[in-house]
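Scroll down for the structure; my scribbles are underneath it.
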Amino acid sequence: MERKLYLDKIIRKKHNGMIKVITGIRRCGKSYLLFNLFYNHLKECGVDDIHIIKIALDDRINIKLRDPDELCSYVHAKITDNKMYYILLDEVQFVKDFEDVLNSFLHIQNADTYVTGSNAKFLSKDIITEFRGRGDEVHLFPLSFSEFAKYSSGDKYSLWKEYLNFGGLPKLMEIESEEDKSNYLKNIFTETYLKDILERNDIRNSEELAELLDYLASSVGSLVTAKKLSDTFKSVKKINIHPETVKNYLEYFEDSFLMSYCQLLWIEKKCLFIRQPSFVHRPQKLYFWRQVQVV
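Just so you know, the sequence shown maps onto residues 37 to 331 in this note's numbering.
Written out as structure tokens, the structure reads:
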């Protein structure tokens, strides 16, 4: 699988003196893009393995390197000559104070650093702050329909129906049965996306959070506000959620790249109006995680 659009973006940013940060929802292919596609590009350019430092920080085997001092020492020890080194770090948010570590790598004259991350620390606004204007983001989405169709067999109408039902997470390309695909999506929702949000934000009411996500995912493109959602849950589901709590939950969803705000704009009599933003689901079509019915 090529992901040429994103690979080309990374290649254009080589040697620009900045930290290249690949962001995106969990399981959308960030590790594959960095450790396979970009790594193969470096090899094709004549870079030998000794000058490519690859570390998967979510791997238990690298748990010691989650310590910032250990990681710094390890990387510096690997740099033994004046040739260019490429530092590839996957899921760098596992490192405590990773911002300081990455900023220290900027001082290595013959090092070019690339990292991936899956949470709020890697939103563009945070990159500018945390990396002092020296972070360069490439945001990765799940497979587009054109990418999905390129690596699938069948007529375009059946493929479109499948894409609408299951979305574009790359792992789904390896799963054949619809039941297994549904189970994969339900599992990744509960064990990865929802669990990440609950743990990172110290939320105790998981059902409340999941119910809100379900409701939002079934209302793609609708105008919503925290107050409106709070009133809906009170009247329809008989659940009391304070508007401020709803607002926090919406921010958690956006921070995890599950959903995005969509600012509504229109022009009337040469004036630009900006309405309160609606909240729309990300395009990977995971709105049936918990209650999947294949049609």
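For glycine and all other residues, C-beta sits at the position ideal for the given N, C-alpha and C.
| Item | Value |
| --- | --- |
| Test item: CB-CB of residue 209 and residue 225 under 9 angstroms | no |
| Range covered by the beta strand (DSSP E) that runs through residue 90 | 88-92 |
| Where residue 187 sits in the DSSP three-state scheme | coil |
| DSSP-derived helix/strand/coil call for residue 140 | helix |
| Residue 117 versus residue 109 - alpha carbon distance | 16 angstroms |
| For residue 283, the three-state DSSP class (helix, strand or coil) | helix |
| Three-state class that DSSP yields for residue 320 in the structure shown | Bear in mind that the predicted position of residue 320 carries a pLDDT of just 45, short of 50, making it unreliable; the figure below should be weighed with that in mind. Coil. |
| Other residues of its chain near residue 66: CB distance less than 6 angstroms, five sequence neighbours each side excluded | 58, 60, 152, 176 |
| contact_flag[the segment 69-83, the segment 234-243] where n(CB pairs < 8 angstroms) is 3 or more | no |
| Within 9 angstroms, strictly: CB atoms of residue 78 and residue 89 | no |
| For residue 173: DSSP bridge partner residues | 57 |
| Of the listed residues 54, 188, 199, 187, nearest to residue 172 (C-alpha basis) | 54 |
| Three-state class that DSSP yields for residue 85 in the structure shown | helix |
| Element boundaries [alpha helix (DSSP H), containing residue 249] | 242-253 |
| C-alpha distance - residue 41 paired with residue 64, whole-angstrom precision | 14 angstroms |
| Reduced DSSP secondary structure (H/G/I, E/B, other) of residue 125 | strand |
| Rounded distance between the beta-carbons of residue 252 and residue 295, thought under 8 angstroms | 6 angstroms |
| DSSP-derived helix/strand/coil call for residue 111 | helix |
| Helix, strand or coil at residue 18 [DSSP, three-state] | A question about residue 18 goes unanswered here, because the residues of the chain that appear run from 37 up to 331. |
| Between the CA atoms of residue 256 and residue 309 - distance to the nearest angstrom | Confidence at residue 309 is low in this model, with a pLDDT of 44, below 50, so its placement is unreliable and the value that follows should be read with caution. Approximately 22 angstroms between the Cα atoms of the pair. |
| Check whether residue 148 and residue 45 have beta carbons under 9 angstroms apart | no |
| Candidates 258, 48, 286, 56: closest to residue 142 by CA position | 56 |
| With 16 other Cβ atoms within 10 Å as the buried cut-off, status of residue 91 | buried |
| Residue burial classification, residue 193 (beta-carbon count within 10 angstroms, cutoff 16) | exposed |
| Residue range of the unbroken alpha helix (DSSP H) whose run includes residue 70 | Looking at the DSSP string, residue 70 is not in any alpha helix (DSSP H), and its letter there is neither H nor E. |
| From 298, 97, 179, residue whose alpha carbon lies closest to that of residue 203 | 179 |
| CA-to-CA distance, residue 188 to residue 233, given in whole angstroms | 32 angstroms |
| Assigned exposure category for residue 174 - 16 Cβ within 10 Å defines buried | buried |
| Which residues DSSP lists as bridging residue 147, in chain order | 121 |
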